[in-house]
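Each remark here refers to the structure printed beneath this line.
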């Protein structure tokens, strides 16, 4: 299974990943329209944390023992059979925010207008997530999961 | 006599997750789920959304229509399990007896009914989908304009919210001195109380129901312990729930307030497991063994019970009280021990009255043991992780409530432990 990995030491804090993620998850897929024209404003599913020289991007880890899967009251959170990714079915989501409460990475956002949970879906359907593709410094990579590492 | 490999009594969070877990590792063993509710598994927390039409019938279901077919699970719905014989490894249902290899008891909670005499037309508990349907029907039939909700815990408040949305004037009666007294402190309670009052609710605290007066067989008034009387069209009793232990009577299964289980979710009887609201298991924070009757806990326990039943060892490492609920449009999250019992605990909090934003962190020896978030709930899950993993926050405790608090404040080793593997290389 392919997963997204972050190399903290290469992150420049430029946030191109956040911008590209937002555009990818917009209706128009056009950067100007996504930022200025769409309502509700689309949300990036990746977030960059920064403190001094240190910065890194964070998104859903698609955990093996995902606490968000256990906490979802509607069954909106589910695991995709093909990729093992944890995905949110927005049509079932009622915005109870249980997943926000239990994600230890804090990478699930609230779409307040749509009243649904919003998180990384590894750009489902694309060969390469856009954060990986557009990172200028190779701080975000996409490769096969290393099964021997503990979560 | 019919025989199944895995028999599950209870078709809600724990029962369903157990069945899924079993099927994920045992593709052929027969699984049967018995439920006295005549429905496919539905999301119990959504019954208040159903009551006020925020959610229709289709969105009530926790899994889709072909879930039972795809997973080769037999659902015996609308049939009560009457008697369990652990020696013979059989369960007597209303219409047949079934033998099992492994049994899971996931019978959940039942509502506490106060000792107030006869319960009749216009008086409801609020735990099942049928309860919500009955309330809806009654409101339409009687053109109910007002209601009394007894109990201002989570069930009572969600019922209140739904009734308010339907245009009904609600009076909340609560025994404690504030609403949500088991999860919220005074600050958090008062934010929600003010919001409820803005929506036209009356709140009576330090009081409870004494009895109900009927006229022509329908509720007319209720009398409170204080002597107050309230005229009302209907009453919802939401004073609490207890584990549904009916099936365990006359068996050697050990119980206290709930069914006692070990870390494999197995009872004292070999091959008999229990999970969900019906169980008493370890509370990580309080260090006690108690019932934590919430949806995420039931799902997790069900999953772990199922794996163990199917021969895959997986240990249950305990849980703690937690809830995320939006009330009157205000998102709230509470976790763990929210009111320190003595001064060996440290408390950090910030309260912005203008925006009704409140955040509180309770620590013991620099370890987070409880939190409350009202309105500012984003990334609250990071604290869930800090509680669960007993992280020593000594070096960054002062930053816990800063707006940009995140994983970057955590020590590199913890961040690496938390995110490496399927995550960050540090």
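Residue numbers (my numbering), protein chains in the order written: chain A, 1 to 151; chain B, 152 to 577. All C-beta atoms, glycine included, are put in the ideal place defined by N, C-alpha and C. What you are looking at is a predicted structure, and each value in this text was computed from that prediction instead of being measured.
Residue environment for residue 39/A: exposed (fewer than 16 other C-beta atoms within 10 angstroms of its C-beta). The residue among 317/B, 449/B, 375/B, 497/B with its C-alpha nearest the C-alpha of residue 266/B is 375/B. Counting C-beta pairs with one atom in each stretch, the stretch 544 to 564 of chain B and the stretch 41 to 50 of chain A have three or more that are closer than 8 Å, which means they touch. In this structure, residue 523/B sits away from residue 488/B, with a CB-CB distance that is not shorter than 7 Å. Judged by their CB atoms, residue 410/B and residue 430/B are nearer to each other than the 7 Å cut-off. Scanning 359/B, 168/B, 254/B, 314/B for the CA closest to the CA of residue 301/B turns up 359/B. If you keep only unbroken beta strand (DSSP E) runs of at least 3 residues inside the stretch 323 to 380 of chain B, you get 353 to 355, 360 to 366, 369 to 375. Distance from the CA of residue 507/B to the CA of residue 26/A, rounded to the nearest whole angstrom, comes to 31 Å.
A contact is defined here as three or more CB-CB pairs under 8 Å, and the stretch 400 to 420 of chain B fails this definition with respect to the stretch 270 to 287 of chain B. Here residue 20/A is buried: its Cβ has 16 or more other Cβ atoms, across all protein chains shown, within 10 Å. Bounds of any beta strand (DSSP E) do not take in residue 457/B; it lies within the alpha helix (DSSP H) bounded by 446 to 460.
By alpha-carbon distance to residue 483/B, the top candidate from 341/B, 186/B, 278/B, 321/B is 341/B. Between residue 157/B and residue 178/B, the beta carbon gap of about 13 Å keeps them out of contact (Cβ cut-off 8 Å). Excluding its 5 nearest sequence neighbours in each direction, residue 519/B has C-beta neighbours in its own chain below 8 Å: 487, 512, 513, 534, 537, 538, 542, 544, 551, listed in chain order.
For residue 559/B, the three-state secondary structure derived from DSSP is helix. Under the three-pair Cβ rule at 8 Å, the stretch 87 to 100 of chain A counts as touching the stretch 116 to 123 of chain A. Near chain B, meaning a CB-to-CB distance below 9 Å, the residues of the stretch 83 to 99 of chain A are 91, 92, 94, 95, 96, 97, 98, 99. Secondary structure within the stretch 50 to 88 of chain A: the alpha helix (DSSP H) runs of 4 or more consecutive residues, fully enclosed, are 67 to 71 (chain order). Around the beta carbon of residue 442/B, a 10 Å sphere encloses 16 or more other beta carbons of the protein chains shown; the residue is thus reported as buried. Taking 7 Å as the cut-off, the Cβ atoms of residue 254/B and residue 423/B count as close. With its beta carbon at least 7 Å from every one in chain B, residue 131/A lies outside the interface.
Close partners of residue 58/A in chain B (Cβ separation under 7 Å): 558. Residue 425/B is bridged by DSSP to 256/B. With a cutoff of 7 Å on beta-carbon distance, residue 419/B and residue 405/B are scored as near each other. In the three-state scheme derived from DSSP, where H, G and I count as helix and E and B as strand, residue 442/B is classed as coil.
With the criterion set as a beta carbon lying under 7 Å from some beta carbon of chain B, the members of the stretch 60 to 72 of chain A are 61, 62, 63, 70, 71, in sequence order. Within the stretch 214 to 275 of chain B, the runs of beta strand (DSSP E) at least 3 residues long that lie entirely inside it are, in chain order, 224 to 228, 232 to 236, 241 to 244, 248 to 256, 260 to 262.
Put simply, of 452/B, 204/B, 155/B the residue whose alpha carbon is nearest the alpha carbon of residue 468/B is 452/B.
Taking the beta carbon of residue 347/B as reference, no residue of chain A falls within 9 Å; the closest one sits roughly 19 Å away. Burial state of residue 421/B is exposed, judged by a 10 Å Cβ sphere holding fewer than 16 other Cβ atoms. By alpha-carbon distance to residue 231/B, the top candidate from 216/B, 188/B, 192/B is 188/B. Secondary-structure assignment with DSSP links residue 477/B through a beta bridge to 482/B. Residue 211/B carries a helical assignment under DSSP once its states are collapsed to helix, strand and coil. In the displayed model, residue 496/B falls within coil according to three-state DSSP, outside both helix and strand. Around the beta-carbon of residue 220/B, fewer than 16 other beta-carbon atoms lie within 10 Å, marking it exposed. Scanning 211/B, 175/B, 459/B for the CA closest to the CA of residue 190/B turns up 211/B.
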